[in-house]
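If you read the protein sequences in the order shown, they are chains D and F.
Each number in our numbering corresponds to the 1-based position in the first sequence with 135 added.
Each number in our numbering corresponds to the 1-based position in the second sequence with 215 added.
Here a beta-carbon is modelled for each residue, glycine too, at the ideal position from N, C-alpha and C.
Input: a single structure, listed below in C-alpha cells.
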Amino acid sequence: MYGSRIRIAVLLGALIALTGNDVAFAESPSVTAVLSNSEAVVGETVQLQIKVSGAGDTKPPENISVDGLEIHATGTSRQFEMRNFTTNSSVSYNYTILPLQAGRFIIPPQTIRVGSSSLRTPELRLNVADSPGRSVRSNQNAQPANAPKLAFAELIVPKKTAYVGEIVPVEIRLGFDPRARPKLLEGPEISGQGFTAQKLQQSGENLETINGRSYDVVTFKTAIAAARAGKFQIGPIKAKAQVLTARRPNTPRSRSPFDLFNLDDPFSDPFFSDPFSQFGEQREIEINSEPVAFEVKPLPQNAPPSFSGAIGNFTMSTEAKPNSVQVGDPITVTSTISGRGNFDRVNAPTVEDDRGWHKYPPSSKFKNDDDVGISGAKTFEMVLSPNEKKQSIPPLAFSYFDPAKEQYVSLRSDPIAINVQGGTVPTPAAAASRPAPSTMPAAGATPAAKQDILYQLTEPGRVQSFTWFYARPVFWMAQLLPLLVLLGFAGWKIRQNRLDNREARRIVALQHEAAELIRKLRRNDVSPREYYAEASRIVRVKAALARNVDPNNVDAETAADTFGLNADSRERLRRLFEQSDEFQYSGAHNGSERISPENRRDVLELVEHLHA
Amino acid sequence: MKAGKLLVGLCCAMICTFVAASAFAQTDFDKANQEYAQGHFKEAIAGYETLVRSGPLSANLFYDLGNAYFRTGDFGHAILNYERALVLERHHPEATANLQIARDEARALEMQQSWPERYLQFASVNQYSATAAVAFWAGALCIVALIFTSRRSVRLIASSILSLSVFALAIFAIYEIDHGSKGRALAVVTGSDVQARLATADTANSVLALPPGSEVKILNTRGDWVYAALPNNLRGWIPAKSAELVRL
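And the structure:
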C-alpha cells in the first residue's frame, strides 16, 4: 500500500518536471510590433501593439517618443495558450498614437527587456495626411470646433411665408447617439408666439450617418397655423432627454485608453469599452434647435359669404338619399370636402336657397390621410325635410382661400333632382280632435307655434310613482300570502300522505295475518279450539279488510252481510262463530281431540271462498 | 284601554296630516295653474317644479308642467315632462297629443325600438309584474300538487308548464321593457345645440346633432359626459347636463 503511493508520487513528479520543461523551453522569446493602420489623418488615433511571446518576465519601453506623434501606453494584456501539451504565453503592450501633424513618421525599434536579455521591435512607418476642418486640442481647456454631440434637434419648415390660418406642415428631427442609450423625457416642444401648433405625431425612427457619425434620428410631424399677420420666429425646438454618458469632468475618472489626448469625446469613458468594468452616469440633457423665421400675410378682404375660414385646396362632392319622399320626410344630404388644408375650419356647405325646407344641424366626420390631419376628407351629413313639393335639392356652396393662387375659390354643387309627393306638412290628428283649450293663456304670450297644444288639466289626478311595481316593498310583502297558501297546501298534502301510509300498513298487516291463518288451518296438528278460533279470526280479518273496520268489531252477521252470503253459508258461518266461542269460553273439547276431516274441509271451504 | 285610545289618536293624527298635505298640494297645484292661465309661464313652471320636488307625483302634474315649458319655447323640457306623464300613465291622451306636437315643433329624434320591445308594449311593466307573480304561484301550486299526488294528472302537468311559461314570458317582457330603448335609461335632450361626439371633448368629431327633446339611452357616465345610444342606431358622448332621465 505504502509502496504504491510512492510510485504515484514519483510519476506525478516526473510529469510536472516534463511539463515545466515544456513551458520553459517551448519556444524562444520573440517580439512583434504592429500598427492598427499605417495611414491616418491628423487627429485620428492609431493603435500600436507590441507583443512578446515565450518570455516570462518582460519590461516594456517606458516612453516612445516621436516628433509629431503623441504616444501613450494604454494597457497590458496577457495570453496563455495550451496546444498538444505545450503551453505558450505572451504579453501585449498597447499604445495609442495621436498624429499631431501631417507627414511620414518612423517609429524606431524599441527595446524590450526579457530577464537578463533584451529584444528589439521592428521599425514601423506611419503616413499621416492633413485633415481640413479638424483640429486637435493640444491642451485640456481648448474647445473643439466640431466636437461630437450626444444629441441634436432640427426644425424643418418648408414654407417661410404663409397666410393667417394657413396650415403649414413642420418636421422636427431629434438625433441621438445610439451608444448614449437615450430616453426622451420631455418634448419636443415648439416655442414661439403668434401661431398654434397641432399635436406632435412621431412619424418615424431610423439610423442615419451624419458627418461620419451614426445617429438614431426620431422624426416628429406637426402643423402650425398663424393666428395673426406679421413676422414671427418659430422655435427653437426644446426637448429633454436622459442619456448615458461619461462621468462629470470634476469627478475623478479613469479615462478611456482611446481618449488619452482629452478630445472630450463623451464616449471616451472606459464604460463604453467595457460596460461591466465600471458604470456610466445617466444625465439629463436639454436639446435645442435653431429657430426659423416665418412671415405671415393677412387674408384678402373680398371673402365670399360662404367662406368660414377654410384655407387650402379642396374639392366638394354631394349626394342625397332618398330621392323620392313625402312632404315632411327627411332627406339625408351628404357632402364631402376633400383636399389639403385646415380642416378644423372647414364647416358644412351652406344651402343656397332653403325656403320650403327644414334644416337639421349637420353632423361631421373627418378622415385624415396623413399623420397631422392636413390632408383628408370631411364628410357632412345634413338632414333636409321638404315642407312643400320640391323638384330638386338646392345647391350647396362652400368657399375657401387657396394660398397657391392667392385668391378665394367658391365651390357650388349641382341641384340634385328629387321627387316630393304630398301637399303640406300633416298635423297630428290627436291635436285636431281635442276640444278647445279651457285655460288658454293670454294672446301674444305664446311663442310662434304652428300647432297649439291641448288645455291645462286642473285636477292633479291619481298619485303615482316611477318605481316599478316589482321594486316596491308592498309587492314582495304581498307575495307572503300565496307563499303561506302554498306552504299550507304542501303541509296538508304531507299529512294526508302520512295518514294514507298508516292505513296501508294496517291493511298489509291484516292481509299478512289472514294468509298466515289460512296456512295454519291447512295443517293437521291444530287442536279444535285453535282451529275454530283461527277460522273465525280469518273471517273477521277478511270482513275487516272489506269494510275497513277493526276485526274485533266483526261478528257473524256483519261478516255474512259483508260477503253477501246465502242462507246456507250464513248458517255455516254462524255455526263456525258459535263453535269458536264455545271452545274459547266453555272449556269443552280441550285436550287431544281432533277435528274430523269433513268438518275441516267444510270450514276451509267456507273460509277460503269468502270474497267481498 | 289607554293603549287603544293612543292608537286611535295616532291614526286620527296621520289621517289629518295626509289630508292637510293633500289640501296643501292641491292649493299649490291650483296656484300654478292660475299662473299658467295668466300667461306667467315661468312662475307656473316654478310652482309645478316645487310640487315635483316635494311630491306626490301624478301624470297630470307632469303634463301641465310640460305645457308650461312648451309655452316658453323650451321644447326639450316640454317633451321630457310629457314623456314622464306617459310613463306614469300610459294612456294619457292629452300628453300623447301634446308630445306629438312638441316633437314636431322641435324636430326631435326618437329612439328606435327593437321588435320584441314593440310587441311587448301592449302591457306595462306593472301588469307584467302582477302576471309574473300570479303565474309563478299557480305554477308552484301545480308542482306541489304533482309532487304529492300518486297519479300524475296530465292536466296538472300542462297547467304547471303553462304557468311557468307565462311566468318566464312575463319576466322576459319586464327585462326587455326595463332595459330597452325606452326603459329606465331613457333620457331626453334638454339642452340646445347638443352634438353627440366620438369622444369626451368638445373638439371631438360629431356623430349626430341632437335637437332638443330627442331621446337617448344612457349607457355609461364618465365625469361630465354620458355615453348614450342615439337614434338611428348610433352611439356617442353627450354632455351630462344636456340630457335628463325620464324616470325620476
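Partners in chain D for residue i, counting only beta-carbon separations shorter than 8 Å
i         : result
Val302(F) : Phe601
Val359(F) : Leu621, Phe624, Ala625, Lys628
Asp279(F) : Gln591, Leu592
Asn448(F) : By Cβ distance, chain D contributes nothing, its closest Cβ being about 14 Å from Asn448(F), past 8 Å.
Ser344(F) : Trp603, Phe604, Tyr605, Phe610
Pro426(F) : Tyr495, Pro496
Arg462(F) : Phe601
Assumed close pair residue i, residue j - CB separation to whole angstroms, cut-off 8 Å
i         : j         : result
Lys432(F) : Leu463(F) : Contact doesn't hold; Cβ gap of about 17 Å is too wide.
Gln336(D) : Thr357(D) : 7 Å
Phe712(D) : Asp685(D) : Incorrect: roughly 17 Å between the Cβ atoms, too far for contact.
Ile232(D) : Leu261(D) : 7 Å
Ala445(D) : Gly476(D) : 6 Å
Val462(D) : Gly339(D) : Contact flag wrong, Cβ pair sits at about 56 Å.
Pro323(D) : Ile307(D) : 5 Å
Glu430(D) : Thr296(D) : 5 Å
Phe244(F) : Leu266(F) : 6 Å
Phe501(D) : Phe478(D) : 6 Å
Leu361(F) : Ser380(F) : Leu361(F) to Ser380(F), Cβ: 16 Å. No contact.
Chain-ordered chain D contacts of residue i [CB-CB under 7 Å]
i         : result
Ser421(F) : Ser498, Ser499
Leu356(F) : Leu621, Phe624
Trp352(F) : Pro617, Leu621
Glu309(F) : Leu589, Leu592
Ala348(F) : Gln614
Ala383(F) : Chain D residues near Ala383(F): none, gap ~15 Å exceeds 7 Å.
Own chain, CB closer than 7 Å to residue i, minus 5 neighbours either side, in chain order
i         : result
Glu250(F) : Glu258, Ala259, Gly262
Asn327(F) : First, the amino acid is wrong: residue 327(F) is Gln here, not Asn. Excluding residues within five positions, the ones whose Cβ falls inside 7 Å are Ser396, Pro446, Asn448.
Leu146(D) : Caution is warranted here: a pLDDT of 46 is assigned to Leu146(D), below 50, making its placement in the model unreliable, and no coordinate value can be reported.
Ala237(D) : Val177, Val263, Ala264, Asp265
Val560(D) : In this predicted model, Val560(D) has a pLDDT of only 46, less than 50, meaning its place in the structure is not dependable; the value taken from the coordinates is given anyway. Here the set comprises Val462, Gly463, Asn522.
Glu309(F) : Tyr278
Same chain, Cβ closer than 6 Å to residue i, five either side skipped, listed in chain order
i         : result
Glu343(D) : Tyr350, Val352
Val208(F) : With chain F covering 216 to 463 only, the question about residue 208(F) has no answer from this structure.
Ile389(F) : Val340, Tyr343
Lys805(D) : Absent from the structure is residue 805(D), since the part of chain D shown begins at 136 and ends at 747.
Ser429(F) : Ala323, Leu324, Val404
Gln184(D) : Val169, Ser227, Asn229
Ser715(D) : Tyr667, Ala668, Ser671
Ala159(D) : Only weak support is given to the placement of Ala159(D): the predicted model assigns it a pLDDT of 40, under 50, and the question is left unresolved by the model.
Val676(D) : Leu645, Glu648, Ala649, Pro686
Lys456(D) : Thr467
Ser171(D) : Val181, Gln182
Ala347(F) : Phe382, Ala385, Ile386
Tyr442(F) : Leu434, Asn435, Trp452
Buried or exposed (CB count within 10 angstroms, at least 16 for buried), residue i
i         : result
Gly491(D) : exposed
Phe515(D) : buried
Val609(D) : exposed
Ala278(F) : Here residue 278(F) turns out to be Tyr, not Ala, going by the sequence shown. Buried: at least 16 other Cβ atoms inside 10 Å.
Gln526(D) : exposed
Phe337(F) : exposed
Ile472(D) : buried
Val742(D) : buried
Pro243(D) : exposed
Arg318(F) : buried
Met612(D) : exposed
Asp289(F) : buried
Contact list for residue i against chain F, beta-carbon separation under 7 Å
i         : result
Pro304(D) : The contacting residues do not exist; Pro304(D) stays about 20 Å from chain F at best.
Per-residue contacts from residue i into chain F (C-beta, under 8 Å)
i         : result
Tyr667(D) : Neighbours of Tyr667(D) on chain F: none; closest Cβ ~40 Å, over 8 Å.
Asn632(D) : Phe363
Close Cβ partners of residue i (< 8 Å) along its chain, the five nearest in sequence each way excluded
i         : result
Thr693(D) : Ala678, Arg682
Leu531(D) : Met451, Thr453, Val468, Ser470, Pro484, Thr485, Val486, Glu487, Arg547, Ser548
Asp393(F) : Val340, Arg399
Contact list for residue i against chain D, beta-carbon separation under 9 Å
i         : result
Leu272(F) : Val598, Gln599, Ser600, Phe601
Val340(F) : Trp603, Phe604, Tyr605
Contacts of residue i in chain F (Cβ-Cβ under 9 Å)
i         : result
His493(D) : Arg322
Which ranges does the alpha helix (DSSP H) cover as unbroken runs of at least 4 residues, wholly within the stretch 669-745 of chain D, from first to last along the chain?
Uninterrupted alpha helix (DSSP H) stretches at least 4 residues long and entirely within the stretch 669-745 of chain D occur at 691-698, 702-720, 732-743, given in chain order.
Whole beta strand (DSSP E) elements within the stretch 625-657 of chain D, 3-residue minimum
With a minimum length of 3 residues, no continuous beta strand (DSSP E) run stays inside the stretch 625-657 of chain D.
Ignoring anything shorter than 3 residues, give me the beta strand (DSSP E) runs that lie fully in the stretch 294-366 of chain D, in order along the chain.
296-298, 302-311, 318-325, 330-332, 336-345, 348-361, all fully within the stretch 294-366 of chain D.
In chain order, what are the residue ranges of uninterrupted beta strand (DSSP E) at least 3 long that sit wholly in the stretch 440-474 of chain D?
Correct list: 442-456, 459-461.
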